[in-house]
Each structure stands twice: as C-alpha cells, then as structure tokens.
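Structure first, commentary second.
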Amino acid sequence: MEIESAPARLRELPSWLLGQAAHKGQRLGSRALAAAGAHRSHYAVLSALDEFGPASQVGLGRRCGIDPSDMVALMTVLTGDGLVERTPDPGDRRRNLVSITRAGRDRLDALGSIVTGVQADLLEPLSAADRSRLVALLTSVVEHTPAADDSPGDSGDSLT
36 MEIESAPARL
46 RELPSWLLGQ
56 AAHKGQRLGS
66 RALAAAGAHR
76 SHYAVLSALD
86 EFGPASQVGL
96 GRRCGIDPSD
106 MVALMTVLTG
116 DGLVERTPDP
126 GDRRRNLVSI
136 TRAGRDRLDA
146 LGSIVTGVQA
156 DLLEPLSAAD
166 RSRLVALLTS
176 VVEHTPAADD
186 SPGDSGDSLT
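Numbering-wise (our numbering), the sequence shown opens with residue 36 and increments by one.
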C-alpha cells in the first residue's frame, strides 16, 4: 500500500508506519540478497556464528528466529556451499555444533556489503544523525516489547 492512498488514521499510527518501513526494507533486502544467491537467513546464521561462535543447530535456529524445519534445509545449503561445518559436540555426542568456515566469513563480508547498501537505500531520506537516532529509538521500542509478543510471519499490517 502506498502511503498517499492509506487512510489518514493509518498514516498517523507509528505501528502502521513501522510495518510499512519494515515491509519495504524486507523487499529491498530480499531482492538484493537473491541477486547474490542468498537469503536473509543466510546472513543471520553466518552473522550469529561469526559473533557468538559455534552453536547447536537448535540453539542457532532459536537465536536467529528460524523454524527448526527450515533450519535443517538451511544447514544443508550452507554446509554444501562450504560456509559452515558441523562437528560432533564434545559435551554431547548426540548433537552437532555448527561453526562458520573461512569461506563463510568471506561470504558474510560480501553479504554485509549488500545489506549495508540496502540500509543506505532504505534510509536515504535521513541524515546520518537521524539514522543513528532512528536506530536508538527502534532499539528502545524493540527492547521494551516482551519477546512473548513476537509472532513469526507477521505481515507488517498491524494497526496497533
């Protein structure tokens, strides 16, 4: 929905505007990552492994908000591409630890450049100071909202 065609009551709702901005950002990001043969879940998993180190597949899925069934398919792709590796967990041989490879770090850097470009495109109307302030404000909102309120698959059409 274009903002000009939305009812004024919607255009005045911060939650509606956040949803519209998020939807626009997701579209831009998905297109840019797809052009590079990637998905945002690739970037999320590689980022988490790079920042936090090896993790179980289940723990990694929880950290990144990826459904366990989707995580299995994603691990198959990332492992097949040599971006991550799975090794037995020394503390529990029944599970594997997933870790990022050198190729995975290189891919993360390349995807990071794409994501940075998408952010620049999305936030082009804002000054650098406004961008920093927006991130700070959104962080406050996200940190204030209890995690139990998060529901995967929201379309961003929320009115409240």
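All residues carry an ideal CB built from backbone N, CA and C; glycine is no exception.
Simplified DSSP state of residue i, which is helix, strand or coil
i      : result
GLU37  : coil
ALA73  : coil
LEU194 : Residue placement at LEU194 cannot be trusted, given a pLDDT of 48 that sits under 50; what the coordinates show is reported in the next sentence. Here LEU194 sits in coil by DSSP.
LEU45  : helix
Alpha carbon of residue i to alpha carbon of residue j, nearest angstrom
i      : j      : result
SER76  : ASP85  : 14 Å
GLY117 : GLY139 : 7 Å
PRO103 : GLY94  : 10 Å
ASP141 : PHE87  : 17 Å
PRO89  : ARG46  : 44 Å
Boundaries (first-last residue) of the alpha helix (DSSP H) holding residue i
i      : result
ILE149 : 137-157
THR174 : 163-179
GLY94  : 92-99
Limits of the unbroken beta strand (DSSP E) element including residue i
i      : result
PRO103 : Run containing PRO103: none in the beta strand (DSSP E); it sits in the alpha helix (DSSP H), 103-115.
GLU120 : 119-124
Cutoff 6 Å; reference residue i; Cβ partners in own chain excluding five residues on either side
i      : result
ALA73  : LEU146
ALA79  : CYS99
ASP124 : ARG130, LEU132
Sequence-distant residues of its chain with Cβ nearer than 8 Å to residue i (five each side left out)
i      : result
MET110 : GLN92, VAL119, ARG121, VAL133
ASP156 : LEU63
THR114 : GLU120, ARG121
Proximal residues to residue i (C-beta, below 7 Å), its chain only, five neighbours per side dropped
i      : result
PRO181 : none
ILE149 : ALA67, LEU68, ALA71
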